Amino acid sequence: MANKVEIKYDILSPEGRIKDSKTINLEVSESNNMYTVHRALIKQLHNKRKGNANCKSRSDVQGGGKKPWKQKGTGRARAGSIRSPLWKGGGVIFGPKTKSYTKKLNKKEQRLALRNILYNKKNYTTIIENFDLLCSSVSTKAIVEKIHGLNIKTTEKLLLVAVKKNTNLYLSTRNIKNIELIIANQINALSMINAKNIVIESKALDIIKEVYNGQR
Numbered sequence: 001m002a003n004k005v006e007i008k009y010d011i012l013s014p015e016g017r018i019k020d021s022k023t024i025n026l027e028v029s030e031s032n033n034m035y036t037v038h039r040a041l042i043k044q045l046h047n048k049r050k051g052n053a054n055c056k057s058r059s060d061v062q063g064g065g066k067k068p069w070k071q072k073g074t075g076r077a078r079a080g081s082i083r084s085p086l087w088k089g090g091g092v093i094f095g096p097k098t099k100s101y102t103k104k105l106n107k108k109e110q111r112l113a114l115r116n117i118l119y120n121k122k123n124y125t126t127i128i129e130n131f132d133l134l135c136s137s138v139s140t141k142a143i144v145e146k147i148h149g150l151n152i153k154t155t156e157k158l159l160l161v162a163v164k165k166n167t168n169l170y171l172s173t174r175n176i177k178n179i180e181l182i183i184a185n186q187i188n189a190l191s192m193i194n195a196k197n198i199v200i201e202s203k204a205l206d207i208i209k210e211v212y213n214g215q216r
């Protein structure tokens, strides 16, 4: 069962001053909300896997159609093919084969999981008025100082959620290993769970509300 909750966020300027406030209503799981989060996380991790490992069995290895030597009279052990798994260069017994690890999840359940994570992370979420003001030029040093000004450590995992692609912000943060930058319609369970803190652009919060709260 889904339960409607109201979350009120303060909208901060890049300097950390409160400029406004915004309230969003989310439909989250009434109980056991970690179950849907777990399913969304497992689905994402499985879909990242590449099942490319592959070995040739004796039927796949080239050659070996002719018997190496006659059955009797040579003094050697009998052999039927040079591609036997017992031979060097032969096939592999029960080796790995290419497979798909893809898992599916209903869209409603996927969005419910993301709303549950957003609700659980509400105390670690900061809303910024505009990322263009946060990073007006390409400067890693400047963006680190701005983030520290928001009482957020860059030594901990940080997720930045922008309303659209921001070149200055991307170039300024790409050399900081603990910072991940995504746009609002690409939020995912793994990125949100891994992040200690989440910083969301004000307009991006509207997109999250519209897309993931069942309004689109």
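Numbering-wise (the UniProt record's numbering), the sequence shown opens with residue 1 and increments by one.
C-beta: ideal position from N, C-alpha, C; glycine also.
Nothing here was measured: the structure is a model prediction, and the numbers come from that model.
>> Restricting to Cα atoms, I'd like to know which of K72, G80 and D10 is closest to K66.
In response: By one-based count along the sequence shown, residue 66 stands at place 66. Of the listed residues, the one whose Cα sits closest to K66 is G80.
> N166: which of C135, Q44, S100 and R17 sits nearest, CA to CA?
Replying inline: Along the sequence shown, one-based indexing puts residue 166 at 166. Nearest to N166 by C-alpha distance, out of C135, Q44, S100 and R17, is C135.
>> So if DSSP puts D20 in a beta bridge, which residue, or which two residues, is it bridged to?
In response: Position 20 of the sequence shown, counting from 1, holds the residue named residue 20. Partner(s): I11.
>> Quick check on Y212: buried or exposed, where buried means 16 or more other Cβ atoms within 10 Å of its Cβ?
In response: As a first step, residue 212 must be located in the sequence shown, where it is residue number 212. Buried: at least 16 other Cβ atoms inside 10 Å.
> Helix, strand or coil: how does DSSP classify V144 here?
Replying inline: As a first step, residue 144 is located in the sequence shown; it is residue number 144 there, counting from the start. V144: helix per DSSP, three-state reduction.
> Is P96 buried or exposed, if buried means 16 or more other CB atoms sit within 10 Å of its CB?
Replying inline: Start at 1 with the first residue of the sequence shown, and residue 96 comes out as number 96. Of the other Cβ atoms in all chains shown, fewer than 16 fall within 10 Å of the Cβ of P96; this residue is therefore exposed.
>> To the nearest angstrom, how far is the alpha carbon of N33 from that of R58?
In response: On the sequence shown, residue 33 is found 33 positions in, with the first residue counted as 1. On the sequence shown, residue 58 is found 58 positions in, with the first residue counted as 1. N33 and R58: Cα-Cα distance of roughly 49 Å.
>> Could you compute how far the alpha carbon of K153 sits from the alpha carbon of I93?
In response: Within the sequence shown, residue 153 is the residue found at index 153, counting from 1. Within the sequence shown, residue 93 is the residue found at index 93, counting from 1. Approximately 52 Å between the Cα atoms of the pair.
>> Quick check: the segment 45-52 against the segment 196-209, are at least 3 beta-carbon pairs closer than 8 Å?
In response: Touching, no, given that fewer than three Cβ pairs across the two stretches are closer than 8 Å.
>> On the DSSP letters alone, give me the boundaries of the alpha helix (DSSP H) that residue 234 sits inside.
In response: Nothing can be reported for residue 234, as the shown portion of the chain is limited to 1 through 216.
> Does the beta carbon of T36 sit closer than 9 Å to a beta carbon anywhere in chain C?
Replying inline: The structure shown contains no chain C; it holds only a single protein chain.
> For the beta strand (DSSP E) that contains T125, what are its first and last residues?
Replying inline: Counting from one through the sequence shown, the residue named residue 125 turns up at place 125. Taken as a continuous stretch (DSSP letters only), the beta strand (DSSP E) holding T125 covers T125 to I128.
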